[in-house]
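> Below you'll find the structure I mean.
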Amino acid sequence: MLALAGLAVLFFALPFLGLLWRVPWSDAWELLTRRSSLDALRLSLITSLAATVVALVLGVPLAWVLARVGFPGRGLVRALCVLSMVLPPVVGGVALFAAFGRRGLVGGPLYDWFGIRLTFTTLGVVIAETFVSMPFLVLSVEAGLRGLDRRPEEAARTLGASRWYAFRRVTLPAVRPAVAAGAVLAWARALGEFGATITFAGNLPGRTQTTPLAVYLALQTDTGQALVLSLVLIVVSFVVLLALRDRWLGGDPAATR
Amino acid sequence: MRPQSTAPAASARRRWFVVAVLLGALGVVAACGSSTSTGSDAGPGSGPRGSITVFAAASLTEAFGELAEAFEDAEPDVSVTTSFAASSTLARQIQEGAPADVFASADEVTMQQVVDAGEVRGEPVVFATNSLEILVAPGNPEGITGLADLGSPGLLYVTAAPEVPIGTYATRALRAAGVEADPVSLEVDVKAVVTKVTSGEADAAIVYATDVAAAGGRAEGIAIPEEVDVGATYPMALTTGAANPGAARAWIDFVTGLRGREILGRYGFGAP
Numbered sequence: 313m314l315a316l317a318g319l320a321v322l323f324f325a326l327p328f329l330g331l332l333w334r335v336p337w338s339d340a341w342e343l344l345t346r347r348s349s350l351d352a353l354r355l356s357l358i359t360s361l362a363a364t365v366v367a368l369v370l371g372v373p374l375a376w377v378l379a380r381v382g383f384p385g386r387g388l389v390r391a392l393c394v395l396s397m398v399l400p401p402v403v404g405g406v407a408l409f410a411a412f413g414r415r416g417l418v419g420g421p422l423y424d425w426f427g428i429r430l431t432f433t434t435l436g437v438v439i440a441e442t443f444v445s446m447p448f449l450v451l452s453v454e455a456g457l458r459g460l461d462r463r464p465e466e467a468a469r470t471l472g473a474s475r476w477y478a479f480r481r482v483t484l485p486a487v488r489p490a491v492a493a494g495a496v497l498a499w500a501r502a503l504g505e506f507g508a509t510i511t512f513a514g515n516l517p518g519r520t521q522t523t524p525l526a527v528y529l530a531l532q533t534d535t536g537q538a539l540v541l542s543l544v545l546i547v548v549s550f551v552v553l554l555a556l557r558d559r560w561l562g563g564d565p566a567a568t569r
Numbered sequence: 020m021r022p023q024s025t026a027p028a029a030s031a032r033r034r035w036f037v038v039a040v041l042l043g044a045l046g047v048v049a050a051c052g053s054s055t056s057t058g059s060d061a062g063p064g065s066g067p068r069g070s071i072t073v074f075a076a077a078s079l080t081e082a083f084g085e086l087a088e089a090f091e092d093a094e095p096d097v098s099v100t101t102s103f104a105a106s107s108t109l110a111r112q113i114q115e116g117a118p119a120d121v122f123a124s125a126d127e128v129t130m131q132q133v134v135d136a137g138e139v140r141g142e143p144v145v146f147a148t149n150s151l152e153i154l155v156a157p158g159n160p161e162g163i164t165g166l167a168d169l170g171s172p173g174l175l176y177v178t179a180a181p182e183v184p185i186g187t188y189a190t191r192a193l194r195a196a197g198v199e200a201d202p203v204s205l206e207v208d209v210k211a212v213v214t215k216v217t218s219g220e221a222d223a224a225i226v227y228a229t230d231v232a233a234a235g236g237r238a239e240g241i242a243i244p245e246e247v248d249v250g251a252t253y254p255m256a257l258t259t260g261a262a263n264p265g266a267a268r269a270w271i272d273f274v275t276g277l278r279g280r281e282i283l284g285r286y287g288f289g290a291p
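Here the protein sequences come in this chain order: L and Z.
Under our numbering, think of the first position of the first sequence as 313, with each following residue one higher.
Under our numbering, think of the first position of the second sequence as 20, with each following residue one higher.
Here's what the structure looks like:
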């Protein structure tokens with residue numbers, strides 16, 4: 313058992329060790345502070361944070377409905393909402409295209425009537441990233457809500473609290489670890505998104521070229537830059553996962569706080 | 020209750036852990052050392068046999084597809100596997116050890132990179148040329164008449180990343196015409212550029228004439244005057260890592276021969 317686990321650890325560790333081994337350390341600072349690198353990193357930061365905010369605003373209510381409201385077809389709705397998590401991202405990109413592109417189901421009317429275009433924009437990047445990362449938040453929060461002890465909530469309601477008050481002052485604080493963990497996972501997923509972004513939003517430095525796209529293109533010309541940017545993404549994600557400690561391994565029941 | 024003494028059991032487990040890690044590392048090193056064989060070389064006096072892998076620029080997708088079939092018909096003992104992507108992507112893959120027998124690039128700059136990296140056996144041979152055209156949606160809704168229109172504000176002009184051959188060709192053509200066009204996206208290869216226009220997301224792009232032909236009814240082409248059409252040159256070469264150089268050389272001869280030129284010509288490629 314330990315032996316197999318050891319092999320698994322090796323399997324995960326080797327790619328990162330290999331990366332560390334191939335990074336051109338002497339040029340690293342220059343490669344990192346280059347205009348194209350900084351643009352990509354800054355864009356990645358902004359869009360991934362925006363995507364996380366959208367995921368929170370839309371995802372927490374969704375998780376609440378999925379956890380608390382029994383309705384026919386709930387399983388179907390849940391499956392639909394987390395579908396993008398298991399889809400190959402480029403497929404997600406194609407689907408977004410079909411819905412929000414200039415000739416898309418919704419994007420077509422948006423463009424023809426209001427002149428609004430979502431593709432090739434930073435907003436398009438946020439849409440693509442939200443699409444692939446929100447399921448992580450929804451699942452985490454739903455699990456957290458399901459694992460909650462309902463009694464404090466019910467007690468608040470019987471004491472006269474409105475639904476919204478009870479949610480805000482009793483439920484939400486109790487489920488905060490799950491929301492935080494879900495938000496961080498969603499953010500990390502949004503940060504690493506490539507397939508849907510490049511398909512839907514395109515690739516333009518400063519506007520839509522996020523770090524994963526920059527890495528992909530840098531691979532062809534300047535491997536050093538690709539390696540350095542990859543390292544940054546890995547380190548950031550690693551630190552974030554470490555900081556979460558084990559809280560993201562399934563919902564955090566209120567009892568263990 | 021006294022805690023159980025776990026010292027002997029723990030050290031035994033630790034030993035197994037270390038053994039497993041070492042074995043794993045050994046396995047990895049061993050796997051790296053062995054080379055995968057992709058094809059068998061032809062023996063003296065017999066025709067080409069086995070399989071070859073051809074890495075070709077994205078713009079060659081349709082033409083090389085037919086060429087591969089025709090070659091397999093002509094040489095039944097050889098099977099051809101093709102891999103299409105931007106020439107720059109393929110060049111990178113070859114330099115990282117990808118198992119290609121032949122590399123066909125859409126420009127000489129990318130081929131030179133592969134030559135400089137020592138991955139080419141012998142001399143590259145130019146097997147085709149191509150010309151540039153403006154690609155627009157059917158019916159030309161934006162009313163584009165020439166390169167100058169690509170600089171119109173509000174027009175969604177899309178091109179490929181500069182490392183990709185068509186990206187550089189397009190920039191040079193625009194510069195030759197004195198036009199400044201801001202692209203809304205830098206795609207990874209010419210086919211992605213074509214898709215952006217045929218799907219309606221972008222209004223116009225500069226692609227190869229062969230791509231306009233290949234798009235059929237999904238797009239229209241607008242000619243570029245010869246003075247600014249920089250034209251494309253396609254070299255092909257045998258790789259040093261080719262596992263089946265005999266059959267690979269037969270492929271190169273086929274493509275550069277009469278039959279190959281005829282097929283390429285039908286797709287819109289010019290003579291070398």
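In this text, a Cβ means the ideal position worked out from N, Cα and C, and glycines have one as well.
Source: prediction; values computed, not measured.
1) Near Gly219/Z, which residues of its chain fall below 8 Å by C-beta distance, leaving aside the five closest residues on each side in sequence?
2) Could you tell me the boundaries of the alpha helix (DSSP H) in which Thr509/L lies?
3) Can you tell me the Cα-Cα spacing of Leu154/Z and Arg237/Z, whole angstroms?
4) Using the Cβ count rule (16 or more neighbours within 10 Å means buried), how would you classify Arg462/L?
5) Straight-line CA distance for Leu408/L to Pro400/L?
6) Applying the 10 Å Cβ sphere with the 16-neighbour rule, what's the burial state of Gly404/L?
7) So with CB distances below 9 Å, who are the chain Z contacts of Gly413/L?
8) Please list the terminal residues of the continuous beta strand (DSSP E) segment that includes Pro254/Z.
9) With a cut-off of 9 Å, does the C-beta of Leu175/Z fall near any C-beta of chain L?
10) Tell me which same chain residues have a C-beta within less than 7 Å of the C-beta of Val335/L, skipping the five on either side of it?
11) Report the neighbours of Val203/Z on chain L: residues whose CB is nearer than 7 Å to its CB, in chain order.
12) Apart from the five residues on each side of it in sequence, which residues of its chain come closer than 6 Å, Cβ to Cβ, to Ala267/Z?
13) Mind pulling the alpha helix (DSSP H) runs of 4 or more residues that sit fully within the stretch 336-362 of chain L?
14) Have a look at Thr252/Z and Ala455/L and give me their C-alpha separation to the nearest angstrom.
15) Mind pulling the chain Z residues with CB within less than 7 Å of Gln277/L?
16) Within 8 Å, do at least three Cβ pairs link the stretch 360-371 of chain L to the stretch 437-453 of chain L?
17) Indicate the three-state DSSP secondary structure (helix, strand or coil) for Gly456/L in the structure shown.
18) State yes or no: is the beta carbon of Ser53/Z nearer than 9 Å to at least one beta carbon in chain L?
19) How many whole angstroms separate the CB atoms of Met130/Z and Pro143/Z, which I take to be in contact at a CB cut-off of 8 Å?
20) Checking contacts by CB at 9 Å: is Ile439/L closer than that to chain Z?
21) Just curious, the alpha helix (DSSP H) that Arg334/L is in, first and last residue?
22) Leaving out five residues on either side along the sequence, give the residues of the same chain with a beta carbon under 8 Å from the beta carbon of Val203/Z.
23) If you reduce the DSSP assignment to three classes, tell me which class Thr470/L lands in.
24) Are the CB atoms of Pro184/Z and Ser124/Z within a distance shorter than 9 Å?
25) Since Ala513/L and Phe432/L should fall inside the 8 Å C-beta cutoff, what is the C-beta to C-beta distance between them, to a whole number of angstroms?
26) Given a limit of 7 Å on CB to CB distance, which residues of the stretch 221-241 of chain Z reach chain L?
27) Do the CB positions of Thr535/L and Thr522/L come within less than 9 Å of each other?
28) Within the 9 Å Cβ cut-off, does Lys215/Z reach chain L?
29) Closer than 9 Å, CB to CB, is Thr523/L near chain Z or not?
30) Beta-carbon separation of Ala189/Z and Glu206/Z under 9 Å?
31) Let me know if Asp135/Z comes out buried or exposed under the rule of 16 or more other beta-carbons within 10 Å of its beta-carbon.
32) Is the Cβ of Ala566/L closer than 9 Å to any Cβ of chain Z?
33) Are the Cβ atoms of Thr520/L and Leu392/L separated by less than 9 Å?
34) Just to confirm my understanding: we take Leu283/Z, look at its own chain, exclude 5 residues before and 5 after, and list those with CB closer than 7 Å. What are they?
35) Sort out for me which residues DSSP pairs Glu152/Z with in a bridge.
Once the coordinates are examined:
1) The residue labelled residue 219/Z in the question sits at position 200 within the second sequence. Cβ within range, chain order: Ala156.
2) Against the first sequence, residue 509/L aligns to sequence position 197. Where Thr509/L is concerned, the enclosing alpha helix (DSSP H) stretches over Gly507 to Phe512.
3) For the purposes of this step, residue 154/Z is identified with residue 135 of the second sequence, where counting begins at 1. For the purposes of this step, residue 237/Z is identified with residue 218 of the second sequence, where counting begins at 1. Spanning the two alpha carbons is a distance of roughly 10 Å.
4) Looking up residue 462/L in the first sequence gives position 150. Classification for Arg462/L: exposed.
5) As a position in the first sequence, residue 408/L is number 96, starting the count at 1. As a position in the first sequence, residue 400/L is number 88, starting the count at 1. Near 13 Å, if we compare the C-alpha coordinates of Pro400/L and Leu408/L.
6) Here residue 404/L is taken as the residue at index 92 of the first sequence, counted from 1. Around the beta carbon of Gly404/L, 16 or more other beta carbons lie within 10 angstroms, which makes this residue buried.
7) The sequence position of residue 413/L within the first sequence is 101, counting from 1. Simply Ser218, Gly219 and Glu220.
8) Sequence index remark: in the second sequence, residue 254/Z carries index 235 (1-based). Looking at the DSSP string, the run of the beta strand (DSSP E) that includes Pro254/Z is Ala251 to Thr258.
9) Taking the second sequence and counting its residues from 1, one reaches residue 175/Z at position 156. Yes, its Cβ sits closer than 9 Å to a Cβ of chain L.
10) Within the first sequence, residue 335/L is the residue found at index 23, counting from 1. So the list reads Leu539, Val540 and Leu543, once near-sequence residues are dropped.
11) The residue labelled residue 203/Z in the question sits at position 184 within the second sequence. Within 7 Å Cβ-Cβ: Phe432, Gly514 and Leu516.
12) Translated into positions along the second sequence, residue 267/Z becomes position 248. Cβ within range, chain order: Ile71, Asp120, Val121, Leu257 and Ala261.
13) If only complete runs of 4 or more residues are kept, the stretch 336-362 of chain L shows the alpha helix (DSSP H) at 340-345, in order along the chain.
14) Here the question's residue 252/Z lines up with position 233 in the second sequence. Here the question's residue 455/L lines up with position 143 in the first sequence. About 59 Å.
15) With chain L running from 313 to 569 in the structure shown, residue 277/L is simply not present.
16) A contact exists between the stretch 437-453 of chain L and the stretch 360-371 of chain L.
17) The residue labelled residue 456/L in the question sits at position 144 within the first sequence. Gly456/L: helix per DSSP, three-state reduction.
18) In the second sequence, the residue the question calls residue 53/Z occupies position 34. Residue placement at Ser53/Z is flagged as unreliable, the pLDDT there being 45, under the threshold of 50; the coordinate-derived value follows with that caveat. Using a CB distance cut-off of 9 Å, Ser53/Z does not count as an interface residue toward chain L.
19) For the purposes of this step, residue 130/Z is taken as residue 111 along the second sequence, with counting starting at 1. For the purposes of this step, residue 143/Z is taken as residue 124 along the second sequence, with counting starting at 1. Their Cβ separation, rounded to whole angstroms, is 5 Å, which keeps Met130/Z and Pro143/Z in contact under 8 Å.
20) Counting from one through the first sequence, the residue named residue 439/L turns up at place 127. Chain Z, which has no Cβ nearer than 9 Å to the Cβ of Ile439/L, makes this no.
21) Within the first sequence, the letter at position 22 stands for residue 334/L. Note, Arg334/L: alpha helix (DSSP H), Leu314 to Arg334.
22) Looking up residue 203/Z in the second sequence gives position 184. Around Val203/Z: Leu175, Tyr176, Val177 and Ala221.
23) Here residue 470/L corresponds to residue number 158 of the first sequence, with the count starting at 1. Secondary structure at Thr470/L: helix, using DSSP grouped into helix, strand and coil.
24) Within the second sequence, residue 124/Z is the residue found at index 105, counting from 1. Within the second sequence, residue 184/Z is the residue found at index 165, counting from 1. A contact, by the Cβ cut-off of 9 Å.
25) Numbered from its first residue, the first sequence carries residue 513/L at position 201. Numbered from its first residue, the first sequence carries residue 432/L at position 120. 6 Å between Cβ atoms; contact.
26) When CB distances to chain L are screened at a threshold of 7 Å, not a single residue of the stretch 221-241 of chain Z falls below it.
27) Position 223 of the first sequence, counting from 1, holds the residue named residue 535/L. Position 210 of the first sequence, counting from 1, holds the residue named residue 522/L. No, these two residues do not count as a Cβ contact at 9 Å.
28) Along the second sequence, read from residue 1 onward, the residue named residue 215/Z stands at position 196. True, the Cβ-Cβ gap to chain L drops below 9 Å.
29) Here residue 523/L corresponds to residue number 211 of the first sequence, with the count starting at 1. No, Thr523/L lies away from the interface with chain Z (no Cβ there is under 9 Å from its Cβ).
30) Numbered from 1 along the second sequence, position 170 holds the residue referred to as residue 189/Z. Numbered from 1 along the second sequence, position 187 holds the residue referred to as residue 206/Z. No, the Cβ-Cβ distance between Ala189/Z and Glu206/Z is not below 9 Å.
31) In the second sequence, residue 135/Z corresponds to position 116, counting from 1. Exposed is the call here.
32) Reading the first sequence from its first residue, position 254 is the one you call residue 566/L. With a pLDDT of 45 at Ala566/L, under the threshold of 50, the modelled position of that residue is not reliable, and the figure given next carries that caveat. Chain Z, which has no Cβ nearer than 9 Å to the Cβ of Ala566/L, makes this no.
33) Walking along the first sequence from the start, residue 520/L turns up at place 208. Walking along the first sequence from the start, residue 392/L turns up at place 80. Contact flag unset, no.
34) For the purposes of this step, residue 283/Z is taken as the residue at position 264 of the second sequence. These residues qualify, in order along the chain: Ala82 and Ala147.
35) As a first step, residue 152/Z is located in the second sequence; it is residue number 133 there, counting from the start. BP columns for Glu152/Z point to Val226/Z and Ala242/Z.
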